[in-house]
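Take a look at the structure set out below.
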Amino acid sequence: MARITYREAISKALWEEMERDPSVFILGEEVGVWGGTYAVTKGFYDHFGPKRVMDTPIAEATIVGAAIGAALTGLRPVAELMTINFAFAAMDHIVNQAAKLRYMFGGQFTLPLVIRTVSGGGRQLGATHSQTPDAIFAHFPGLKVVAPGTPRDAKGLLKAAIRSNDPILFIEHATLYQMRGEVPDEDYTIPIGKSTIQRPGRDVTLVTYSKMLEISMKAAEQLSKEGIEVEIVDLRCLRPLDMEPVLQSFKKTNRAVIVEEGWRSYGVGSEVAARIYEEAFDYVDAPIQRIAQKETPLPYNRTLEQLALPQVEDVVRAVKEVL
Amino acid sequence: MEREQYLDLYYQMVLIRLTEEAAAQLYQQGKIGGFLHLYIGQEAVSTGIVSARLPQDRVITAYRDHGVAINVGIPAKLVLAELLGKANGVSKGKGGSMHLADVQRNFWGGHAIVGAHLPIAAGLALGDQYQGKDAVTICMFGDGATNIGFFHEALNLSKVWNLPVLWVCENNQYGMGTAVERASAVSEIRQKALGYDMPNSRVDGMDVIAVREATLEILAQIRNGQGPHFMEVITYRYRGHSMGDPERYRKAEEVKQWQENDPIGIYRRYLESHAIANAQDLDQIDRRVEQEVAEAVRFAEESPEPPPEALFEDIYVE
Chain V
320 MARITYREAI SKALWEEMER DPSVFILGEE VGVWGGTYAV TKGFYDHFGP
370 KRVMDTPIAE ATIVGAAIGA ALTGLRPVAE LMTINFAFAA MDHIVNQAAK
420 LRYMFGGQFT LPLVIRTVSG GGRQLGATHS QTPDAIFAHF PGLKVVAPGT
470 PRDAKGLLKA AIRSNDPILF IEHATLYQMR GEVPDEDYTI PIGKSTIQRP
520 GRDVTLVTYS KMLEISMKAA EQLSKEGIEV EIVDLRCLRP LDMEPVLQSF
570 KKTNRAVIVE EGWRSYGVGS EVAARIYEEA FDYVDAPIQR IAQKETPLPY
620 NRTLEQLALP QVEDVVRAVK EVL
Chain R
21 MEREQYLDLY YQMVLIRLTE EAAAQLYQQG KIGGFLHLYI GQEAVSTGIV
71 SARLPQDRVI TAYRDHGVAI NVGIPAKLVL AELLGKANGV SKGKGGSMHL
121 ADVQRNFWGG HAIVGAHLPI AAGLALGDQY QGKDAVTICM FGDGATNIGF
171 FHEALNLSKV WNLPVLWVCE NNQYGMGTAV ERASAVSEIR QKALGYDMPN
221 SRVDGMDVIA VREATLEILA QIRNGQGPHF MEVITYRYRG HSMGDPERYR
271 KAEEVKQWQE NDPIGIYRRY LESHAIANAQ DLDQIDRRVE QEVAEAVRFA
321 EESPEPPPEA LFEDIYVE
């Protein structure tokens with residue numbers, strides 16, 4: 320086990336998969352000569368060359384479209400969209416093409432495709448560059464949506480995604496790249512579509528993913544000092560959504576708080592809460608709480624931006640509310 | 021070309037027309053749902069283009085795709101079975117008219133979002149280039165697709181990366197009901213390729229031999245590493261944009277004028293004047309096709325519906 324950053328974990332996963340399989344290649348804006356705007360692909364261009372590390376024009380629809388086409392020929396493209404906000408310019412290719420081609424042509428098409436992108440606010444980038452619209456993409460059958468919250472999961476899930484034969488949107492978080500964590504030295508993958516317990520506890524079930532896992536962990540430590548033990552379930556994948564660990568935990572605690580960074584309306588919290596009510600109604604001891612971003616476009620001003628984003632104190636308060 | 025090949029082109033064009041006429045009837049009988057975009061009038065385009073490709077060359081087109089489907093060799097009965105939503109249709113009844121494909125025949129669809137398949141075509145060509153394959157991707161689309169961003173992104177990328185793509189704009193004069201000059205800044209659409217420094221050409225799409233010869237020459241150039249080429253093919257659809265089009269945007273005389281210049285008629289005269297076939301030979305092919313289409317309709321109608329469990333099949337591999 321080595322302690323490495325989330326960025327290093329993702330970078331290593333890509334590097335190792337490219338070394339292992341010559342059909343894996345990267346394309347995207349500034350992934351090559353620049354080394355990636357989040358420095359994930361730093362050094363790749365020099366090592367793997369321009370054929371396997373392709374700098375593209377700023378043309379998101381065509382980055383995803385070309386990746387789809389290349390995947391149809393049997394390659395394993397990893398397309399990078401600089402941020403998820405730019406995925407809207409590629410929306411048709413993600414939801415109308417990647418998610419549907421296999422089904423629509425009766426299983427003739429296979430798309431071993433990964434689209435890596437970056438979600439999340441908190442860096443004063445303004446309303447168009449700070450969104451967390453992960454739930455939108457999880458709405459579409461045919462697509463898989465992965466969003467890791469730890470270096471270990473990031474590496475294992477990205478490797479699994481690259482080896483998978485289905486189209487996968489792999490959502491990283493802009494403010495997790497510096498996060499350090501234990502990562503196994505040996506080659507490993509983590510199965511897509513499996514939620515996991517990141518912290519055991521007995522009192523309240525806290526369901527979360529990605530950056531909000533870090534926030535939830537901090538809240539859990541604070542609450543622990545007051546004798547409240549929360550159990551944290553990390554979804555890791557939004558589609559397919561694995562509710563098993565959530566329901567198991569809930570049946571034990573009978574109380575849940577769902578923490579997401581995106582907006583509350585029609586969000587991950589709405590989905591998870593509805594499923595708990597549908598599948599474990601008899602176990603509900605308190606109304607389920609949802610912590611999410613305030614319903615505004617995200618402002619530039621630092622104070623206002625932080626006001627809009629979920630904070631540790633919001634989680635602490637919600638946990639106390641359900642108790 | 022051998023005599024047989026000449027006759028095969030004629031056979032294909034007649035097969036497209038009669039299959040589509042049968043489809044129009046089935047649609048009017050309520051047996052085909054959704055949209056039905058007929059290719060009638062444009063047969064020489066896909067027939068000429070597909071006849072010029074090598075087996076490794078990929079073809080991808082828009083939603084007016086019945087012609088290409090037949091040209092690549094999908095039996096008419098499987099095309100009609102798909103139109104009727106049957107389990108043995110080419111896309112298992114889940115695609116419908118706009119989503120025909122046959123990967124074994126290197127036909128990559130049938131795409132219903134205007135222009136969206138152009139970036140995908142660039143990717144198909146990228147895949148072949150990456151793997152060092154001697155293949156060209158032929159991407160067909162209508163004049164309407166040249167006004168959307170996908171078109172410009174894909175053309176640009178293909179030139180920047182020198183991808184082996186033949187872009188084929190089937191200019192049939194209308195994007196749905198809007199005439200080319202009302203929607204496009206240039207009505208000679210090939211001019212759009214100039215902005216990407218791309219070799220381009222303009223071909224008479226009512227003349228199957230002209231289309232075939234132009235395509236052969238261009239495919240050879242692309243195969244030599246010349247990079248993408250933009251071919252504008254001038255053609256016309258006799259029927260509406262799709263079934264049920266009130267056709268308020270054009271006059272009956274205009275349609276009639278084009279019909280006098282019918283691609284099948286032109287080709288008949290060509291074959292006769294070049295002493296490749298006489299009227300009797302060609303009438304015989306017509307009758308063979310009529311029979312084939314009648315059997316195809318019967319086959320499609322008698323084919324089974326997909327079972328309920330098919331609803332959840334083929335969403336994912338894993």
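Order-wise, the sequence lines are chains V and R.
The working numbering puts the last residue of the first sequence at 642; the count rises by one with no breaks.
The working numbering puts the last residue of the second sequence at 338; the count rises by one with no breaks.
Ideal placement from N, C-alpha and C gives every residue a C-beta, glycine not left out.
Any C-beta of chain R sitting closer than 8 angstroms to the C-beta of V:Y422?
-> Chain R has a Cβ within less than 8 angstroms of the Cβ of V:Y422.
So, are the CB atoms of V:L420 and V:A386 less than 8 angstroms apart?
-> no
Quick one: which chain R residues come within Cβ less than 9 angstroms of V:V484?
-> Sequence inspection shows Asn at residue 484 of chain V; the Val mentioned does not correspond to that position. Chain R residues near V:N484: Y336, V337 and E338.
So, helix, strand or coil for R:H131, using DSSP?
-> strand
For V:P460, return the contacting residues in chain R, with the cut-off set at a CB-CB distance below 8 angstroms.
-> I335
Compare the Cα-Cα distances from V:E335 to each of V:P452, V:P376 and V:Y507 and report the closest residue.
-> V:Y507
With 8 angstroms as the limit, tell me which residues of the segment 108-119 of chain R have their beta carbon closer than that to any beta carbon of chain V; keep them in chain order.
-> G109, V110, S111, K112, G113, K114, G115 and H119
R:N220, DSSP secondary structure in three states | strand
Closest Cα partner of R:C159 within the set R:S111, R:I80 and R:Q32 | Checked all of R:S111, R:I80 and R:Q32; the closest Cα to R:C159 is R:I80.
CB-CB length for V:L628 against V:G500, believed under 8 angstroms = Incorrect: roughly 22 angstroms between the Cβ atoms, too far for contact.
Taking R:V180 as the query, report the chain V residues whose CB atoms sit under 7 angstroms from its CB, ordered along the chain.
-> P376
So which of R:L177, R:A205 and R:R243 has the shortest CA-CA distance to R:D217?
-> If you compare the alpha carbons of R:L177, R:A205 and R:R243 with that of R:D217, the shortest gap goes to R:L177.
Three-state class that DSSP yields for V:E491 in the structure shown = strand
May I have the straight-line CA-CA distance separating V:F527 from V:I551, to the nearest angstrom?
-> Note on residue identity: the sequence assigns Thr, not Phe, to residue 527 of chain V. Rounded to the nearest whole angstrom, the CA to CA distance from V:T527 to V:I551 is 7 angstroms.
Taking the CB atoms as reference points, tell me whether V:V641 and V:A605 lie closer together than 8 angstroms.
-> Yes, the pair counts as a contact, with Cβ atoms nearer than the cut-off.
Mind listing which residues of the segment 118-135 of chain R have their C-beta closer than 7 angstroms to chain V's C-betas, in chain order?
-> Only H119, A121, V123, W128, G129 and I133 from the segment 118-135 of chain R bring a Cβ to less than 7 angstroms from some Cβ of chain V.
Is any beta-carbon of chain R found at less than 8 angstroms from that of V:D411?
-> yes
Taking Cβ to Cβ, would you say R:V123 is nearer than 8 angstroms to R:G164?
-> Contact flag unset, no.
Could you give the DSSP three-state label for V:V576: helix, strand or coil?
-> In the three-state reduction of the DSSP assignment, V:V576 falls in the strand class.
Kindly identify the DSSP beta-bridge partner or partners of R:F161.
-> R:C189
Which of helix, strand or coil DSSP assigns to V:W353 = Annotated three-state conformation of V:W353 is coil, per DSSP.
Under the rule that 16 or more other beta-carbon atoms within 10 Å means buried, what is R:N352, buried or exposed?
-> Only positions 21 to 338 of chain R appear in this structure, which leaves residue 352 of chain R out of reach.
Where R:A82 falls: helix, strand or coil (DSSP) | strand
Any Cβ of chain R within less than 8 angstroms of the Cβ of V:T392?
-> yes
Contact list for R:I36 against chain V, beta-carbon separation under 8 angstroms | The contacting residues do not exist; R:I36 stays about 21 angstroms from chain V at best.
From the DSSP output, read off the bridge partner residues of V:V464.
-> Answer is V:L488 and V:R558, bridged to V:V464.
Spatial neighbours of R:A330 within its chain, please: CB distance less than 8 angstroms, with the 5 preceding and 5 following residues excluded, ordered by chain position.
-> Counting only Cβ-Cβ distances below 8 angstroms, and skipping sequence neighbours, we find A107, K112, G113 and K114.
Segment contact, 8 angstroms Cβ cut-off, at least three pairs: the segment 139-152 of chain R with the segment 386-397 of chain V = yes
Name the DSSP beta bridge partners of V:V437, please?
-> According to DSSP, residue pairing for V:V437 in a beta bridge involves V:E491.
Taking only beta-carbon positions, decide if V:N404 is within less than 8 angstroms of chain R.
-> no
Where R:E173 meets chain V, residues with beta-carbon distance less than 7 angstroms | Taking a Cβ-Cβ threshold of 7 angstroms, the residues of chain V close to R:E173 are A378, A380 and T381, in chain order.
For R:I305, the three-state DSSP class (helix, strand or coil) = Look at R:I305 here: in three-state DSSP terms it is helix.
Would you list the residues sitting across from V:V641 in a DSSP beta bridge?
-> Note: V:V641 sits in no beta bridge, so no partner.
Give a yes or no on whether the minimum CB-CB distance between R:D148 and chain V is below 8 angstroms.
-> Closer than 8 angstroms to some Cβ of chain V, the Cβ of R:D148 qualifies, so yes.
V:N415 touches chain R at which residues, Cβ-Cβ below 8 angstroms?
-> Ordered by position in chain R, the residues that pass the 8 angstroms Cβ test against V:N415 are I133 and A136.
Based on the DSSP output, what are the partners of V:L477 in its beta bridges?
-> For V:L477, which the question treats as bridged, DSSP gives no partner whatsoever.
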